[in-house]
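There are 2 protein chains.
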Amino acid sequence: MAKNGGVTAKALLGLLSIHPMSGYDVRQLIPRSIGHFWSESYGQIYPALKAMTAEGLVARKTERQDSRPDRHVYSLTKDGRTELREWLKLAPADEVPRSELLLKIFFGAHAGKGVNRQHVADFLATQEMALKIYTATEKQLKREEAGDPQLPYWLMTLNFGRHRSKALVAWSKETLLELERLESRG
Amino acid sequence: MAKNGGVTAKALLGLLSIHPMSGYDVRQLIPRSIGHFWSESYGQIYPALKAMTAEGLVARKTERQDSRPDRHVYSLTKDGRTELREWLKLAPADEVPRSELLLKIFFGAHAGKGVNRQHVADFLATQEMALKIYTATEKQLKREEAGDPQLPYWLMTLNFGRHRSKALVAWSKETLLELERLESRG
DNA sequence: GGGTGCATGTAATGGGTTACATGATTCT
DNA sequence: AGAATCATGTAACCCATTACATGCACCC
Chain A
1 MAKNGGVTAK ALLGLLSIHP MSGYDVRQLI PRSIGHFWSE SYGQIYPALK
51 AMTAEGLVAR KTERQDSRPD RHVYSLTKDG RTELREWLKL APADEVPRSE
101 LLLKIFFGAH AGKGVNRQHV ADFLATQEMA LKIYTATEKQ LKREEAGDPQ
151 LPYWLMTLNF GRHRSKALVA WSKETLLELE RLESRG
Chain B
1 MAKNGGVTAK ALLGLLSIHP MSGYDVRQLI PRSIGHFWSE SYGQIYPALK
51 AMTAEGLVAR KTERQDSRPD RHVYSLTKDG RTELREWLKL APADEVPRSE
101 LLLKIFFGAH AGKGVNRQHV ADFLATQEMA LKIYTATEKQ LKREEAGDPQ
151 LPYWLMTLNF GRHRSKALVA WSKETLLELE RLESRG
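Residue numbers (the working numbering), protein chains in the order written: chain A, 1 to 186; chain B, 1 to 186.
See the structure below:
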């Protein structure tokens with residue numbers, strides 16, 4: 001039936017379920033919502049919205065603006081809502097993990113002194129930054145979206161990030177110590 | 001210079017640095033080495049080895065076998081070794097995270113009762129299984145590869161998996177409790 | 001007879017990012 | 001003067017998995 005097997009379409013259905021939006025809006029919203037576990041580029045978003053309109057999953061309305069390009073605002077149709085609910089029921093596909101950092105660490109014995117430590121230190125810094133962002137976002141959401149029935153679910157995904165980053169901070173620190181023992185004098 | 005910008009080639013250089021191998025061997029080795037943070041399929045491996053041979057990063061020798069297809073055994077050249085070392089120095093690219101599970105949880109308010117709990121419970125089970133595998137692999141490596149100068153680096157990547165999975169087990173349990181409160185009677 | 005393992009490779013298909021193309025307005 | 005923001009879309013390219021194609025040997 002649906003030509004659009006891809007998850008991109010489902011992510012768009014989900015975001016449009018919050019409120020009607022243009023493709024541009026979707027792109028802007030991503031970093032402030034699902035950005036820490038999902039991403040979509042314009043090159044995906046615009047064609048997908050076009051295809052979904054043809055399939056009747058979303059409806060488009062053109063808003064004319066003066067001295068700005070027209071906005072194409074999309075909203076879910078009944079079919080779109082059903083499609084979203086059906087997809088939510090299905091077990092999520094196994095994720096193929098891919099970490100260039102771990103690949104470099106795995107072959108780290110071939111690297112020069114300090115190279116691995118630098119990589120891990122950088123990684124530690126990004127994880128600590130991520131932790132701060134999760135905490136700040138959580139506070140902001142609790143303030144601005146209090147009472148929204150979706151809020152608990154949004155917090156669960158933030159909490160995932162917090163748990164993950166905390167663990168990776170701990171790993172980074174452990175690993176830095178181990179690398180120092182290995183590499184500082186060899 | 002190098003036409004092969006991709007990381008696939010670097011992963012192959014790394015694996016071949018352990019010892020010379022055929023494309024088939026590489027594929028077999030992956031699940032027992034870098035499989036928990038990297039993957040490559042035959043459709044990537046064979047063409048990549050061909051291209052890398054043309055670039056002089058690896059050398060191919062054909063081993064004839066009776067009543068079996070010929071084996072094409074690849075080994076690193078001096079250029080290949082250099083390429084690997086140079087790549088190890090470069091900062092790993094930022095990873096774009098993609099989690100279908102979190103996408104479903106984020107939009108979980110639209111799902112029927114118990115759907116989210118099922119997804120999280122399944123995820124919990126896979127993380128617990130992963131933990132067991134990491135622990136078993138660690139013991140096995142320490143027994144079989146004792147003394148190998150690469151061993152400490154291999155253990156670091158395993159340790160990453162352990163930290164990560166432990167954190168995700170904790171998140172799963174927390175989230176299951178929260179979901180029960182939200183969804184069991186609504 | 002049928003599945004599995006060895007062993008190589010190509011082709012079809014699907015996903016995804018980046019670059020290109022356009023064009024006005026507003027901010028520095 | 002030049003960059004950034006709003007706003008849309010297409011095209012080129014890269015990366016990756018899966019399916020296809022071949023063929024022998026071994027085991028049940």
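We put the CB at the ideal spot given by N, CA and C, even for glycine.
Treat the numbers as computed from the prediction; the structure is a model and nothing was measured.
Closer than 8 Å to chain B by CB, residue i
i: Asp-122 (chain A); result: yes
i: Ala-48 (chain A); result: no
i: Glu-83 (chain A); result: no
i: Ala-125 (chain A); result: no
i: Ala-111 (chain A); result: yes
i: Thr-175 (chain A); result: yes
i: Leu-182 (chain A); result: yes
i: Leu-57 (chain A); result: no
i: Glu-40 (chain A); result: no
Boundaries of the alpha helix (DSSP H) in which residue i is found, first to last residue
i: Lys-142 (chain A); result: 115-144
i: His-110 (chain A); result: Unbroken run through His-110 (chain A): none, as it is neither H nor E.
i: Leu-90 (chain A); result: Unbroken run through Leu-90 (chain A): none, as it is neither H nor E.
i: Trp-38 (chain B); result: From DSSP, Trp-38 (chain B) is part of no alpha helix (DSSP H); its letter is neither H nor E.
i: Ser-165 (chain B); result: 151-183
Neighbour flag for residue i against chain A, beta carbons, 8 Å
i: Ile-30 (chain B); result: no
i: Arg-117 (chain B); result: no
i: His-19 (chain B); result: no
i: Glu-144 (chain B); result: no
Boundaries of the beta strand (DSSP E) in which residue i is found, first to last residue
i: Ala-59 (chain B); result: 58-63
i: His-72 (chain B); result: 71-76
Identity of the residue in the options nearest residue i by Cα
i: Ser-22 (chain A); options: A:Leu-76, A:Gly-35, A:Glu-180; result: A:Leu-76
i: Tyr-24 (chain A); options: A:Asp-148, A:Ser-184, A:Leu-155, A:Val-73; result: A:Val-73
i: Trp-87 (chain A); options: B:Glu-178, B:Asn-159, B:Lys-104, B:Ala-91; result: B:Lys-104
i: Glu-100 (chain A); options: A:Gly-80, A:Phe-123, A:Arg-81, A:Ala-93; result: A:Phe-123
i: Glu-128 (chain A); options: A:Ile-45, A:Ala-9, A:Ser-67, A:Ser-172; result: A:Ser-172
i: Leu-158 (chain A); options: A:Glu-178, A:Trp-38, A:Arg-98, A:Asp-70; result: A:Trp-38
i: Pro-92 (chain B); options: B:Pro-69, B:Lys-10, B:Met-156, B:Phe-160; result: B:Lys-10
i: Glu-40 (chain A); options: B:Ala-146, B:Arg-98, B:Leu-182; result: B:Arg-98
i: Arg-181 (chain B); options: B:Ser-33, B:Lys-113, B:Leu-29, B:Thr-82; result: B:Lys-113
i: Thr-82 (chain A); options: A:Ser-17, A:Gln-44, A:Tyr-134; result: A:Ser-17
Residue i Cβ short of 7 Å to the ligand SAM heavy atom set
i: Glu-86 (chain A); result: Because no ligand of any kind appears in the structure shown, any question about the ligand SAM cannot be addressed here.
Assumed close pair residue i, residue j - CB separation to whole angstroms, cut-off 8 Å
i: Leu-13 (chain A); j: Leu-84 (chain A); result: 4 Å
i: Asp-79 (chain B); j: Leu-102 (chain B); result: Not confirmed; about 42 Å, so no contact.
i: Arg-117 (chain A); j: Leu-176 (chain A); result: 6 Å
- [ ] Quick one: which residues of the region 147-171 of chain A get their C-beta closer than 8 Å to a C-beta of chain B? List them in chain order.
- [x] For the region 147-171 of chain A, the set of residues with a beta-carbon nearer than 8 Å to any beta-carbon of chain B comprises Pro-149, Gln-150, Pro-152, Tyr-153, Trp-154, Met-156, Thr-157, Asn-159, Phe-160, His-163, Arg-164, Lys-166, Ala-167, Leu-168, Ala-170, Trp-171, in chain order.
Task: Where the region 64-77 of chain B meets chain A: residues whose CB sits under 8 Å from a CB there - done: Nothing from the region 64-77 of chain B brings a Cβ to less than 8 Å from some Cβ of chain A.
Task: Residues from the region 80-108 of chain B in contact with chain A, defined by Cβ distance under 7 Å - done: Of all residues in the region 80-108 of chain B, Leu-84, Arg-85, Leu-88, Lys-89, Ala-91, Pro-92, Ala-93, Glu-95, Val-96, Pro-97, Arg-98, Ser-99, Glu-100, Leu-101, Leu-102, Leu-103, Lys-104, Ile-105, Phe-106, Phe-107, Gly-108 have a Cβ within less than 7 Å of some Cβ in chain A.
- [ ] With 8 Å as the limit, tell me which residues of the region 129-140 of chain A have their beta carbon closer than that to any beta carbon of chain B; keep them in chain order.
- [x] So nothing in the stretch comes that close.
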